[in-house]
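Residue numbers (our numbering), protein chains in the order written: chain C, 187 to 330; chain P, 813 to 1478.
Each residue gets a CB set at the ideal place from its N, CA and C atoms; glycine is no exception.
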Amino acid sequence: MTRKQKRLTIIAGAIGFLAIATGLTLYALRQQTSYFYMPADLEARPVAEGQRIRLGGLVEEGSIQRSDDTHVRFAVTDGEQSVTVKYAGILPDLFREGQGVVTEGAFDGAHVFVADSVLAKHDENYMPREVADSLKEKGVWQEN
Amino acid sequence: MSIELGHFALVLAFALALVQMCVPIIGGQLKNETLMRVGEPTAMAGFALISLSFAALLSAYVLSDFSVLNVWENSHSAKPLLYKITGTWGNHEGSMLLWVLILAFFGALVALFGRNLPLTLRANVLGVQGAIGSAFLLFILMTSNPFTRLDPAPMQGRDLNPILQDVGLAVHPPLLYLGYVGFSVSFSFAIAALIEGRIDAAWARWVRPWTLAAWMFLTGGIAMGSYWAYYELGWGGFWFWDPVENASLLPWLGGTALLHSALVMEKRSALKIWTVLLAILTFSLSLLGTFLVRSGVLTSVHAFATDPARGVFILGILMLFIGGSLALFAWRAGSLTAGGLFQPISREGALVLNNLILTTATATVLIGTLYPLLIEALLGEKISVGPPFFNLTFGPLMLPLLAIVPFGPLLAWKRGDLWAASQRLFFAFGAALLVAMLAYVVIDPSSVLGAAGIGLGAWLVLGAATDIVLKSGFGKATGAVAWRRLIGLPRSVFGTALAHAGLGLTMIGIAAVSTQQEERIVALQPGETVEIHGFVLRFESLRPFTGPNYTEDQAHFVLNRVTGKPLGAVVSAKRLYQARQMPTTEAGIRTLGLSQLYVSLGDRTPNGALVVRVWWKPFVTLIWLGALVMMAGGAVSLLDRRLRVGAPMPRAKPGKAKVAGEGARG
């Protein structure tokens, strides 16, 4: 093969490979990204049952109910609306009432949010950024 | 007083870095030897000054000098000495100081061991290092000064974030930075080559050991970080596709590609322009990682503080260096001559394919990491790109790469024979297939994917072994001859085999844990048991315990096999750090062979039971052991002592030049 042909082979291979990669990436971005909602956003942008979203806000005071097995129910609020969240498993160390959290999961038929992951902040200075931004927009943010 | 000394030393180091940036490069343009030689003493003096500065901060931490703002914010007098020391880099300012310290260290190494480099190349390399150094020193002095005083000095500090008080964290950042910053050397060489418009195989022989060393440290840093997250965060996961983790994975992928393309350049003087571009991109990805982690654009454990001024400053540095170097590349790359020819099926071809796949995979990880930032900046919508995205893109791209790895070392340079290589790998392939079938039948008949992943890992390990066996001629020559040949093989051959086998081990670990781990979440009263994977874990009692700067509730468990054979106690705890009133989970981990039993505690239920999460993690330790084997491969390669042919100049001091100058080949 001449230099030109070799180069073309490599370039053709590269283009083919990149095409596959691009296809995969676009498909995955369409399918596998989840949007962030605060409870009050749910009225403006309704979410279908079973659609995966991330729901963030503050854990409502007095809303945490633990059962005798490993299930926990609590409410996530943004000061306007609140949504009941159901979770089975171990909550993060810094999960408390009045604390900012981001939960990920989907709504079930009874309009309860079934979360499969709950994230709280890593230390006392850190609030999930989406939550902090949204709370600031709504004017219920308190600097501590 | 020593604090002010540290600050002054840093200012002086900045001034010196400016000299190091300008004078040698100007000297190179004017062909003035005296000016070019300014680079070495300034690089070494700069390193001495930054060391002094770092030592000043370190001593303030060890002595708990709370009149220093940074120490007050991140330390506490009751903290164990080890964490006082590691606290020096457990915060934004201190970790940036460590960053420039390591940069200056590499600069000094180039000055010290670079005596056999052509004078202009050395001058330009040190000049570029000076430019990077001055940018980051200015950044520290302007926005992140660790030496700010606090008046009046408080009696007690605010303590280090408890999850950072850990041995893993003592090692993780320095290793990671040795990797990140190590790539600055290959970057500087690339820029120097572009400035001069000259590049040859000797250049690649110089760049390879630096890239290899940086790659080795980065491998260790990533593995350490992953293990730390695994046991410290109490979630039992080893990789979360968190943007900050991706920030360290990106330069690793780029660096791995660079390592392989520099090999082609060294041996066959092909892929010159591509190698230069990869060297620029790899360090750019390191800078991007620094920006993502340090600017507070992303929130995570690593984002110590968010200050917009810092973000803008680092973004400026980022644009200056990436934009500048790519512009220089566009302008000068044409002046570099094209190199040797090769057939598509050849060692070079295999390495090109490796590069193609690695760079594509890097691009997908980059897109997944930056996409949410981009969408938020453009549309204001907040989205997250999580593990499913990366599993769907990165996975399918990397699997073919892993499958072809064993072929690479068996193909000849220039023109290879794929059929012959396949025949030689026949045994390894059969054995790997057998492993996969065994995994399917014996371990878990429900997961085809897991078995295939384990088989793929075994294929890599066996393929690496095949390479060694073939090169030493076992089976063809008599035992004694083959043994002598084995010992005589260049170390880099072992390095390659070890690195590839390590990758295989990591692959086995990931496949086994991802598909075959077992999990139980139960609420236990004292005396109750939970059964998992043939083990019985009995909850004994909850006892309080007081540590130096924390109190904890320790849950004591007794572990037995189902057959009744006792395996001893497992302790897991919920810890409360006094100074910050912050709870952490201390997982109880029991290693059994290569697998681990992982016990983590939750809250108490209303009736007083303790929520316990237990995982059985089969072969999980292989994930990190594999990384250690990869590092060992890098180290063995670095020690390759084969004499180089066509070195640019005779060595002035052979004894010294060997350590850094000897490249790996294979």
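Closest residue to residue i among the options (Cα-Cα distance)
i: residue 1247 of chain P; options: P:1228, P:1227, P:1272; result: P:1272
i: residue 1366 of chain P; options: P:1372, P:1059, P:1354; result: P:1354
i: residue 941 of chain P; options: P:1438, P:917, P:1047; result: P:917
i: residue 858 of chain P; options: P:970, P:821, P:843, P:884; result: P:821
i: residue 192 of chain C; options: P:1333, P:1170, P:1155; result: P:1155
i: residue 850 of chain P; options: P:884, P:863, P:834; result: P:834
i: residue 1153 of chain P; options: P:836, P:1228, P:1190; result: P:1228
i: residue 1204 of chain P; options: P:1180, P:1220, P:1046, P:957; result: P:1180
i: residue 303 of chain C; options: C:209, C:277, C:213; result: C:277
i: residue 224 of chain C; options: C:253, C:280, C:300, C:289; result: C:289
i: residue 1283 of chain P; options: P:1308, P:1259, P:1270; result: P:1308
i: residue 1163 of chain P; options: P:1199, P:1004, P:1079; result: P:1079
i: residue 257 of chain C; options: C:272, C:287, C:268; result: C:272
i: residue 1211 of chain P; options: P:908, P:1231, P:1264; result: P:1264
i: residue 280 of chain C; options: C:245, C:266, C:194, C:300; result: C:245
i: residue 159 of chain C; options: C:237, C:268, C:236; result: Look at the range of chain C in this structure, 187 to 330, and you will see that residue 159 of chain C is not part of it.
i: residue 1414 of chain P; options: P:1070, P:817, P:1231, P:1336; result: P:1336
i: residue 1160 of chain P; options: P:1174, P:1087, P:837, P:1134; result: P:1087
i: residue 1225 of chain P; options: P:815, P:1040, P:841, P:1075; result: P:1075
Burial state of residue i, where buried means 16 or more other Cβ atoms lie within 10 Å
i: residue 1176 of chain P; result: buried
i: residue 868 of chain P; result: buried
i: residue 1429 of chain P; result: buried
i: residue 1382 of chain P; result: buried
i: residue 1084 of chain P; result: buried
i: residue 1166 of chain P; result: buried
i: residue 843 of chain P; result: exposed
i: residue 1106 of chain P; result: buried
i: residue 967 of chain P; result: exposed
i: residue 902 of chain P; result: buried
i: residue 1457 of chain P; result: The predicted model places residue 1457 of chain P with a pLDDT of 36, which falls under 50 and marks its position as unreliable, so this point remains unresolved.
i: residue 753 of chain P; result: With chain P covering 813 to 1478 only, the question about residue 753 of chain P has no answer from this structure.
i: residue 232 of chain C; result: exposed
i: residue 984 of chain P; result: buried
i: residue 1058 of chain P; result: buried
i: residue 239 of chain C; result: buried
i: residue 1394 of chain P; result: buried
i: residue 1047 of chain P; result: buried
i: residue 1299 of chain P; result: exposed
i: residue 1465 of chain P; result: Bear in mind that a pLDDT of 42 at residue 1465 of chain P, under 50, signals an unreliable position, so the model cannot answer this.
i: residue 1122 of chain P; result: buried
i: residue 1471 of chain P; result: The pLDDT assigned to residue 1471 of chain P is 38, lower than 50, so where the model puts this residue is not dependable; a value taken from the coordinates is nonetheless given after this. Answer is exposed; the Cβ neighbour count stays below 16.
i: residue 217 of chain C; result: exposed
i: residue 1216 of chain P; result: exposed
i: residue 248 of chain C; result: exposed
Whole-Å CB distance - residue i paired with residue j, under 8 Å assumed
i: residue 1435 of chain P; j: residue 1050 of chain P; result: 6 Å
i: residue 1432 of chain P; j: residue 1424 of chain P; result: Contact flag wrong, Cβ pair sits at about 19 Å.
i: residue 1125 of chain P; j: residue 955 of chain P; result: 5 Å
i: residue 1416 of chain P; j: residue 1371 of chain P; result: Contact doesn't hold; Cβ gap of about 22 Å is too wide.
i: residue 974 of chain P; j: residue 1389 of chain P; result: 4 Å
i: residue 969 of chain P; j: residue 887 of chain P; result: 4 Å
i: residue 945 of chain P; j: residue 915 of chain P; result: 5 Å
i: residue 921 of chain P; j: residue 862 of chain P; result: With 8 Å as the limit, residue 921 of chain P and residue 862 of chain P do not qualify as a contact, their Cβ atoms being about 14 Å apart.
i: residue 1066 of chain P; j: residue 1026 of chain P; result: Going by Cβ atoms, the distance from residue 1066 of chain P to residue 1026 of chain P rounds to 11 Å, so no, they are not a contact pair.
i: residue 1008 of chain P; j: residue 933 of chain P; result: 7 Å
i: residue 1384 of chain P; j: residue 1398 of chain P; result: 6 Å
i: residue 891 of chain P; j: residue 1419 of chain P; result: The pair is not a contact, with the Cβ atoms about 38 Å apart (cut-off 8 Å).
4 or more residues per run - each alpha helix (DSSP H) lying fully within the segment 930-1016 of chain P: 931-955, 979-1008
Uninterrupted alpha helix (DSSP H) stretches inside the segment 1142-1212 of chain P (no shorter than 4 residues): 1159-1191
Runs of beta strand (DSSP E) wholly within the segment 232-281 of chain C (minimum 3 residues, chain order): 239-245, 257-263, 268-274
Chain P contacts from the segment 215-240 of chain C (Cβ-Cβ distance under 8 Å): 215, 217, 218, 219, 220, 221, 222, 240
Proximal residues, the segment 1425-1446 of chain P versus chain C, C-beta separation under 9 Å: 1425
Those runs of the beta strand (DSSP E) which lie wholly inside the segment 1336-1424 of chain P and span at least 3 residues: 1341-1344, 1347-1358, 1362-1373, 1378-1389, 1394-1398, 1400-1404, 1407-1416
Contact set between the segment 1397-1420 of chain P and chain C, restricted to residues whose Cβ is under 9 Å from the partner: 1397, 1412, 1413, 1414, 1415, 1416, 1417, 1418, 1419
Contact residues within the segment 1141-1163 of chain P, judged by C-beta distance below 9 Å to chain C: 1150, 1153, 1154, 1155, 1156, 1161
Chain C contacts made by the segment 1208-1236 of chain P, where a contact means CB separation under 8 Å: 1208, 1209
Cβ-based contacts, 9 Å cut-off: residues of the segment 267-278 of chain C near chain P: 274, 275, 276, 277, 278
Within 9 Å of chain C by C-beta, residues of the segment 1172-1183 of chain P in sequence order: 1172, 1173, 1175, 1176, 1179, 1180, 1183
Under 8 Å (Cβ pairs) to chain C, residues found in the segment 1315-1344 of chain P: 1333, 1334, 1335
Members of the segment 281-296 of chain C near chain P, C-beta cut-off 7 Å: none
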